[in-house]
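According to this note's numbering, the sequence shown is numbered sequentially starting from 1262.
The structure appears below as structure tokens.
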Amino acid sequence: MRWPDHAIWWHAYPLGFVGAEREALPADTPPEPRLGRLADWLDHLVELGCNGLVLGPVFASETHGYDTVDHYRIDPRLGTEDDLKRLIDDASQKGVRILLDGVFNHVGRSFEPFRDVASRGDDSPYRNWFHADLRTFEGHDRLITLNHAEPEVADYVTNVMTHWLERGVDGWRLDAAYAVPSPFWRTVTDRVRARFPDAWFVGEVIHGDYVRLIEDTGFDSVTQYELWKAIWSSLNDGNFFELAHALDRHNTMLDTFAPQTFLGNHDVTRIASRLSQKEHQAHALVLLLTIGGVPSIYAGDEFGFEGVKEERLGGDDAIRPAFPERPDEAPGYASPHHRLYQDLIGLRRRHPWLVRARTTVATLTNTALSYTVGHGAEQLAVVLNLDGETVETDLPTADWTCVAGEASFTTDGATVPPTGWAIAEP
1262 MRWPDHAIWW HAYPLGFVGA EREALPADTP PEPRLGRLAD WLDHLVELGC
1312 NGLVLGPVFA SETHGYDTVD HYRIDPRLGT EDDLKRLIDD ASQKGVRILL
1362 DGVFNHVGRS FEPFRDVASR GDDSPYRNWF HADLRTFEGH DRLITLNHAE
1412 PEVADYVTNV MTHWLERGVD GWRLDAAYAV PSPFWRTVTD RVRARFPDAW
1462 FVGEVIHGDY VRLIEDTGFD SVTQYELWKA IWSSLNDGNF FELAHALDRH
1512 NTMLDTFAPQ TFLGNHDVTR IASRLSQKEH QAHALVLLLT IGGVPSIYAG
1562 DEFGFEGVKE ERLGGDDAIR PAFPERPDEA PGYASPHHRL YQDLIGLRRR
1612 HPWLVRARTT VATLTNTALS YTVGHGAEQL AVVLNLDGET VETDLPTADW
1662 TCVAGEASFT TDGATVPPTG WAIAEP
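And the structure:
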């Protein structure tokens, strides 16, 4: 198994986490060394059971980090390259890998090559870095799309990636990867891997043929939005048939790659706010941590943080809040919800084979689900009940022993209490 197969990520959005200003600092303002705030949370990450830190945008930008102006400079609202290097070193000493967020589909209007084109037009040496119509990305006037057919753009992205890999990061989350032509990604990932064969690439992909994208781009993984939607939607609607369909598709993906699985990230309403019944947060977490893939925890979800994403200016603020200086100051710290995260992540760590595990459904109704997850000779059983009444579920014959949750297991099934769940080993 490669190191990413053992990874359990904790995903933080740095600009929000440290309470940074909404817009870039004036040019004559000294950098604020705020990345150290994240270093102070590394012990929490480890105690939670995670061993990887996904950092949202850290490069100089105009506002929210996705309007990059310089991929070689740390955003002064977060600090300097030395501050990032200290965070990388501190993480490495604790066995924590670092993934950076690479925004290479588009740039901010203050990106120097774009400023040069805007000023000099066809006389600019960067004129081919952008489309002739200087197109924007998905209607965002401040985001200028790069021309990925231009070889110099591929050279630039390759150099940026290798620059930060040389400084100790372990891989890249590739923002809006779905919008970039696959041949561009294949060129870049092949070049970077020639120097850093252990680097891990996960592309942000929402819709489409995930397997085909993996094969065409050279990515190791993509964001599994299909499963994310199926988890919360099936719990809210009392419709495990939707989840079962998604699990069938997920099994097919696992034949080729291990998707990045998640309940939340910096772009979506938090799971605590998304679910209509609070007790279903446990069911969602059980699903995340027993299904194949590379799981990611969005910082704050372990405390039950709430937040609704809204389609307006500042509509992401609620899902990207400032964090206290210390974990024990966070609402929900040491709560039963927090301990459940620790317990189930611990179970996941004890069964690393789950990264490639296939799911086999045994019982399926609107509100009851039992399944086994297996890889080779290894196996776990999971039972979930959304109903207000006790249910009986079937399982393959084995000497099942409950290791988490509450249910009465027999050799071929389980009795699950109202709104209950359980995990068993043979």
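Glycine is no exception: its CB is placed at the ideal position from the N, C-alpha and C atoms.
Only a predicted model underlies this, so the values are computations on that prediction, with no experimental measurement involved.
Q.
I need the straight-line Cα distance from Leu1306 to His1272, nearest angstrom please.
A. Stepping through the sequence shown from its first residue, residue 1306 is reached at position 45. Stepping through the sequence shown from its first residue, residue 1272 is reached at position 11. One alpha carbon belongs to Leu1306, the other to His1272, and they sit about 10 Å apart.
Q | DSSP bridge partner residues for Leu1404 (one or two, in chain order) | A | Taking the sequence shown and counting its residues from 1, one reaches residue 1404 at position 143. Leu1404 is bridged by DSSP to Gly1369.
Q: State yes or no: is the C-beta of Asp1328 within less than 9 Å of the C-beta of Arg1370?
A: Residue 1328 sits at position 67 when you count from the first residue of the sequence shown. Residue 1370 sits at position 109 when you count from the first residue of the sequence shown. Contact flag set, yes.
Q: Report the partner residues of Thr1478 according to the DSSP bridge assignment.
A: As a first step, residue 1478 is located in the sequence shown; it is residue number 217 there, counting from the start. In the DSSP secondary-structure assignment, Thr1478 is not bridged to any residue.
(Q) Taking 6 Å as the limit between beta carbons, can you name the residues of its chain near Leu1360, skipping five residues before and five after? (A) Sequence index remark: in the sequence shown, residue 1360 carries index 99 (1-based). Excluding residues within five positions, the ones whose Cβ falls inside 6 Å are Val1315, Gly1432 and Arg1434.
Q | Local conformation of Thr1651 per DSSP, three classes | A | Indexing the sequence shown from 1 puts residue 1651 at position 390. Looking at Thr1651 - three-state DSSP - the assignment turns out to be coil, as it is neither helix nor strand.
Q) Quick one: complete beta strand (DSSP E) runs, 3+ long, within the region 1563 to 1641? A) Fully enclosed beta strand (DSSP E) runs of no fewer than 3 residues occupy 1619 to 1625 and 1629 to 1636 of the region 1563 to 1641, in order along the chain.
Q) Can you name the residues that DSSP bridges to Phe1502? A) Translated into positions along the sequence shown, residue 1502 becomes position 241. The partner list for Phe1502 (beta bridge, DSSP) is empty, contrary to what the question assumes.
Q | contact_flag[the region 1463 to 1471, the region 1596 to 1616] where n(CB pairs < 8 Å) is 3 or more | A | Contact between the region 1463 to 1471 and the region 1596 to 1616 is absent, because fewer than three Cβ pairs lie under 8 Å.
**Q.** Beta-carbon spacing of Ala1415, Arg1452 below 9 Å
**A.** As a working note, residue 1415 is residue 154 in the sequence shown. As a working note, residue 1452 is residue 191 in the sequence shown. Contact flag set, yes.
Q: Could you spell out the range, first to last residue, of the alpha helix (DSSP H) harbouring Trp1446?
A: In the sequence shown, the residue the question calls residue 1446 occupies position 185. For Trp1446, the enclosing alpha helix (DSSP H) has its first and last residue at Ser1443 to Arg1456.
Q. Does the count of Cβ pairs from the region 1337 to 1344 and the region 1380 to 1397 closer than 8 Å reach three?
A. With the cut-off at 8 Å, the region 1337 to 1344 and the region 1380 to 1397 do not touch.
Q) If we call anything under 9 Å between Cβ atoms a contact, is Val1634 one with Val1643? A) Position 373 of the sequence shown, counted from the start, is the residue given in the question as residue 1634. Position 382 of the sequence shown, counted from the start, is the residue given in the question as residue 1643. Yes, the Cβ-Cβ distance between Val1634 and Val1643 is below 9 Å.
Q. Touch check for the region 1447 to 1463 and the region 1473 to 1482: three-plus C-beta pairs under 8 Å?
A. Counting Cβ pairs under 8 Å, three or more are found: they touch.
Q. What is the DSSP secondary structure of Thr1551, reduced to helix, strand or coil?
A. Looking up residue 1551 in the sequence shown gives position 290. Thr1551 falls in the helix class under three-state DSSP.
Q: Count the other C-beta atoms from every protein chain shown that fall within 10 angstroms of the C-beta of Leu1574, then say buried if there are 16 or more, exposed otherwise.
A: Within the sequence shown, the letter at position 313 stands for residue 1574. By the beta-carbon neighbour count (other beta carbons within 10 angstroms, threshold 16), Leu1574 is exposed.
Q | Best match in Pro1442, Ala1623, Gly1310 and Lys1539 for proximity to Lys1355 [C-alpha to C-alpha] | A | As a working mapping, residue 1355 is identified with position 94 in the sequence shown. For the residues Pro1442, Ala1623, Gly1310 and Lys1539, the minimum Cα distance to Lys1355 belongs to Gly1310.
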